[in-house]
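For reference, the structure is listed below as structure tokens.
Chains as they are written, first to last, in the numbering used here: chain Y, 1 to 462; chain A, 1 to 462.
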């Protein structure tokens, strides 16, 4: 076989040991917090039936699904159609028409739709409210660019089967807890889809709610003028746009904003409900002394159409990298799979962006614990035989340890220990074997001591 | 959109919370042991270029790869060929011929080939010997059956760039350590490809080494007679088959077997080398007081052609489920990717089979620690507001806790706690709020006590 220059598909990544240790640091904190709030893990397969995935993410989403070629003679279906259907030849040369014949599975695009599918499929085994978390990769055939990958991890936490606003409060606590432990100062933006519906209703454009939220969601990115331009283009009346201005520009503290908003929305039942829900969430949050700032942000819509209540988004205060966590309440996610009227609320942490934030802020902890802590230098066969049982004892004490496998030159072995950032190297030659003692070199200070194995272990653990 | 009955692709699985907790128990022990021996984690993408995967697993393997349809207009290439090439129509209707035009990526089939690709691609960042572990799912379009899935996890640990037999010894120690911690009594079978080569040489059938190893690998499954039949069918001479018999049936203790074997193989340099390597590994193992039994098994070949030295396979002593771990030394895995003469040795733990063994032996530990430990009953808005800060305090103490989110009937809330196996339920009504005290119900004993929050936390942690 010819030699190949190895590479990986664009938009995908290898994770080296140092990256793995850092990513696991993030995942472990997130998992630990999820569990502390009573959420349990599930996992779903990488592949889902295309019937589960298609039509759930809009046209754009359908296009970005990675589709898997059917196994075996995947063209059999199309060939067997040939005699019956004269159009089979044209199907065979049209990507869109051919696809359903040759592909029935796709890679998951997010964790929300597989979760909805899971809940419906397993509804008889599940006790509701069902609090679950899920940390797995997802795949999107998006154009790769800085910070955007074709394979990336989502960390989702959802509770399904409860209307209580306590759930929203708890999710904000989780956000606060996770970012506090990670050492990231975060700002939690909160809105409510019902407020947005109320606004659309009040200005007489109830059927344009999607256009309005999509446009005002861009306020921070493109500015007020451009937002108004877009609203105009979408056919929102001049009058309605004018009515929108005081709402988009609502200023002041929460206790000033809420009465103003209630006054503006008083004719809209749903709008008032949205404000009341948000007030209740905020009241609870105030009691809980969060580390993070939280604020009402009426421009927050998160471009997604399935939210029906609270909408949540988190940004890092010190770094302009966009949303690092987001989510909201959705009232009928499982309806499409035959289980209507089940309300859920959930958020998703963006592991890749969190990684970038920690890296830029230099907030990753010392990695030494995850790597080898002690290395035995290898002086040859006799020493090797002597060292192996000692190595076992050190490992039994819970210390990560290894012996350099070959009796190479000292320099090479030391350089290996250095590169791997191993803090202690043990040297055992003739004299040490005779005296039943270790020579231990501290690789950070260069200091060298003679010490008994039991002393070394005790010192290390203490 | 019409209602769909949800399902997942055949051969794939959802993992529910209880399964996740148990799987994580296995993975955590395996990871922990790997780290204790100085191995570091890496991860590679689910998708690899087909050029990386094809031709590495034999014809059968190529057929079992899951191929991913190119994004966008995947038929463009084939259509643009049409004018130049009159055969394009026939290509478009032939699955094998069309595939290379419409698919360039596949899902990884194992962790070994992606690891080889990783090592070559990152050779300039890696310090050799490189000790890595990798725990990720792999996908094979195999016919699903009991215990065989289309998506399953492999736990691989390899060291690459060292010829030392210390590495083989260490891997056997890892096996011993993992199964000891899991409470599985294991038998570690050891062989050496060089011994097998020596045997083929001695009986004058050096070029039939693959046929011979494939046949004698089946000894336990199909018996000696059928093995000899297969050898005969493969064109091995009657004389050679006769010469093979004492070797296949080699009996006795290790210290009797080795001299016999050295005598039989004395004319074969490679055979003698294989025996000496195996003796050295066994000598080291004897010093290390392993919990597991280990034995020489000359019928062990593991059907794989890339092993060049030690071959290792582990079975559970108490359950007849086949191999639960296996591996060996390979001398030129990275050659195909342009990095020749790098020797490696590694093993792979089969998480699914280990799961089945633990389940059948009833060896999974109590799952209670992974789930919620304390639930607050929800009596209504006022109580909710009172409970939330207490809940925060309990969580801060490191206890997994939740409040039932809705003020449902007591019975429903208790039933939720029961199903979720939550050991303690806290009830706070009028009286408790007035007295600043908790009523705590032990869900296992039914016992109910009144206690201060601080006392409860102290008792719980103690």
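For every residue, glycine included, the Cβ atom is placed at its ideal position computed from N, Cα and C. Every value quoted in this text rests on a predicted model; they were computed, and no experiment measured them.
With respect to the C-alpha of residue 408/A, the residue from 15/Y, 27/Y, 353/Y, 164/Y having the closest C-alpha is 164/Y. Contact annotation, residue 258/A with residue 275/A: C-beta distance approximately 6 Å; criterion of less than 8 Å satisfied.
With fewer than 16 other CB atoms across the displayed protein chains lying within 10 angstroms of its CB, residue 431/A is exposed. Residues of chain A with a Cβ closer than 7 Å to the Cβ of residue 164/Y are, in chain order, 405, 406. Between residue 47/A and the set 175/Y, 179/Y, 139/Y, 337/Y, the nearest pair of CA atoms involves 139/Y. Straight through space, the alpha carbons of residue 41/Y and residue 17/A are spaced by roughly 5 Å. Within chain Y, 42, 122, 125 have C-beta atoms less than 8 Å from the C-beta of residue 16/A, given in sequence order. Inter-residue distance for residue 333/A and residue 5/Y is about 14 Å (C-alpha atoms, whole angstroms). When 256/Y, 338/Y, 212/Y are compared, the shortest CA-CA separation from residue 242/Y is found for 212/Y. Assigned with DSSP and collapsed to three states, residue 158/A falls in strand.
The stretch 340 to 355 of chain A and the stretch 146 to 166 of chain A touch, with three or more beta-carbon pairs separated by less than 8 Å.
Look at residue 8/A: its C-beta is under 7 Å from a C-beta on chain Y. Straight across, the Cα-Cα distance linking residue 193/Y with residue 370/Y is about 44 Å.
According to the DSSP assignment, residue 191/Y belongs to the beta strand (DSSP E) that extends over 186 to 192.
Taking CB atoms only, residue 66/Y has a neighbour in chain A less than 7 Å away. A distance below 7 Å between beta-carbons, with the five flanking residues on each side excluded, links residue 460/Y to the following residues of its chain, in chain order: 399.
Neighbours of residue 98/Y across chain A, judged by C-beta separation under 8 Å: 75. Per DSSP, residue 330/Y is one residue of the beta strand (DSSP E) stretching across 323 to 330. Taking every protein chain shown into account, the CB of residue 454/A has fewer than 16 other CB atoms within 10 angstroms, so this residue is exposed.
Residue contact check for residue 308/A against chain Y: no CB pair falls below 7 Å. For residue 71/Y, the neighbours in chain A by C-beta distance under 7 Å run, in chain order, 141. By alpha-carbon distance to residue 35/Y, the top candidate from 422/A, 72/A, 441/A, 446/A is 422/A. For residue 47/A, the closest Cβ of chain Y is nearer than 7 Å. Closest option to residue 39/A, judged by alpha-carbon separation, among 373/Y, 175/Y, 360/Y, 426/Y: 373/Y.
Three or more pairs of CB atoms, one per stretch, sit closer than 8 Å, so the stretch 105 to 119 of chain A contacts the stretch 63 to 81 of chain A. By the Cβ test, the stretch 113 to 131 of chain A is not in contact with the stretch 12 to 27 of chain A, since fewer than three Cβ pairs between them sit closer than 8 Å. Within the stretch 191 to 216 of chain A, no residue has a Cβ lying closer than 8 Å to any Cβ of chain Y. A buried status is given to residue 9/A, since no fewer than 16 other beta-carbon atoms sit within 10 Å of its beta-carbon.
Residue contact check for residue 259/A against chain Y: no CB pair falls below 7 Å. Think of a sphere of 7 Å around the beta carbon of residue 262/A: no beta carbon from chain Y falls inside it, the nearest being about 20 Å out.
As summarised for the stretch 388 to 451 of chain Y, the continuous alpha helix (DSSP H) elements at least 4 residues long and confined to that stretch are 410 to 419, 430 to 435, given in chain order.
Residue 103/A carries a strand assignment under DSSP once its states are collapsed to helix, strand and coil. Taking C-beta atoms under 8 Å as the contact rule, residue 248/A and residue 296/A fail to qualify, at a distance of about 13 Å.
Counting C-beta atoms within 10 angstroms of its own C-beta, residue 147/Y has fewer than 16 neighbours from the protein chains shown and is therefore classed as exposed. Taking the Cβ atoms as the reference, residue 364/A lies roughly 7 Å from residue 25/A, within the contact range of under 8 Å.
For the pair of segments examined, the stretch 175 to 187 of chain Y was found to touch the stretch 351 to 359 of chain Y: the number of CB pairs separated by less than 8 Å reaches three.
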